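Numbering (full-length UniProt numbering), first residue to last: 1 to 227.
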Amino acid sequence: MIPSDTLNVTHEDARAIDDCWNRIGIHGDKSCPLLDEHIHCRNCTVYSDAATRLLDRYALQQDERDPVATAVESELKTRSLLMFRLGEEWLGLATRSLVEVAPLQAIHSLPHQRSRALLGVANVRGALVACLSLVELLDLEAGTAPATGARVMPRMLIIAAQGGPVVVPVDEVDGIHAIDERLLEAASRSGAQAGAKYTRGVLPFKGRSLRWLDEEQLLSAVTRSLT
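Here it is in structure tokens:
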């Protein structure tokens with residue numbers, strides 16, 4: 001279970017950053033005198049400076065795991081994974097790393113990106129949250145949606161990184177599924193994940209080959225991309 005203070009992405013930012021864009025800017029009463037010059041808050045140095053401070057915060061935080069929660073989870077015979085798609089590849093991520101699944105929204109690039117994986121920032125309930133490309137982190141090839149005839153809805157996953165939540169856009173979300181741990185253990189022993197970045201194993205699911213991600217390695221890579 002993710003701690004409640006991790007879920008609240010606005011609590012500490014509201015005290016540390018003057019979110020003027022929500023008060024007098026484009027998301028407020030639009031009374032800011034700088035709007036005449038910049039048109040939109042994302043073009044203003046105040047907004048970009050706040051985004052930079054947000055990214056600095058990720059570098060200062062340390063990961064704290066709950067040993068009791070970890071012990072309880074180890075006793076379970078199933079493990080909950082969120083199944084999602086990037087291009088033509090289906091992936092599974094442990095739900096303990098997930099804050100929520102959110103609708104797709106605008107990503108605003110930064111003038112000085114810190115890594116190729118950093119796409120920019122998004123406004124999540126008034127707080128700036130860093131956005132990363134899992135395609136870049138996992139060395140995947142950008143692909144198109146499979147031709148299924150069904151309506152496909154891209155989403156954003158908000159995941160719990162060490163310094164705070166980050167947003168990653170995905171092409172499709174299948175849902176959360178409980179997977180037999182014996183199946184996961186067999187997948188991790190199979191060696192099918194050899195050469196696949198941040199991957200614990202590959203297992204069959206709904207007629208697909210599902211890549212089961214190693215959340216600890218992935219979240220460590222996320223932190224490195226932000227610092």
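Backbone N, C-alpha and C define an ideal beta-carbon position, used for all residues, glycine too.
No experiment lies behind these values; they were computed from the predicted model shown.
What number of angstroms, rounded off, separates the C-alpha of residue i from the C-alpha of residue j?
i: D63; j: D36; result: With a pLDDT of only 41 at D63, under 50, the local geometry of the prediction cannot be trusted, and no value is derived from it.
i: F205; j: I26; result: 45 angstroms
i: G28; j: N22; result: 5 angstroms
i: R65; j: E216; result: Low per-residue confidence applies at R65: pLDDT is 46, beneath 50, and the placement is therefore not dependable enough to give any value.
i: V129; j: G207; result: 35 angstroms
i: I24; j: V124; result: 18 angstroms
i: R42; j: V152; result: 29 angstroms
i: C131; j: D49; result: 16 angstroms
i: C44; j: G126; result: 16 angstroms
i: I158; j: S97; result: 9 angstroms
i: S188; j: I107; result: 35 angstroms
Based on Cα-Cα distance, which residue from the options lies nearest to residue i?
i: L119; options: V167, N22, C44, S188; result: V167
i: L183; options: A127, R211, P165; result: R211
i: R224; options: L104, R79, I176, Q162; result: Q162
i: V101; options: M156, H40, R200; result: M156
i: F84; options: L134, V121, K77, I39; result: L134
Tell me which residue opens and which closes the beta strand (DSSP E) that residue i is part of.
i: A102; result: 98–103
Cβ atoms of residue j and residue i: under 9 angstroms apart, would you say?
i: R116; j: E136; result: yes
i: L86; j: V170; result: yes
i: A94; j: L213; result: yes
i: A178; j: V99; result: no
i: L82; j: V173; result: yes
i: S209; j: W90; result: yes
i: P165; j: L104; result: no
i: S190; j: G201; result: yes
What residue range does the alpha helix (DSSP H) around residue i cover?
i: D29; result: No alpha helix (DSSP H) contains D29, which DSSP labels as neither H nor E.
i: C20; result: 20–23
i: L34; result: It is not in any alpha helix (DSSP H) - L34 carries neither H nor E in the DSSP assignment.
Are the C-beta of residue i and some C-beta of chain D separated by less than 9 angstroms?
i: P204; result: Note that chain D does not occur in the displayed structure, where there is just one protein chain.
Notebook entry, point to check: Which residue spans inside the UniProt domain "CheW-like" (78–224) form an unbroken alpha helix (DSSP H) run of at least 4?
Noted result: As far as the UniProt domain "CheW-like" (78–224) is concerned, its whole alpha helix (DSSP H) runs of at least 4 residues are 134–137, 181–189.
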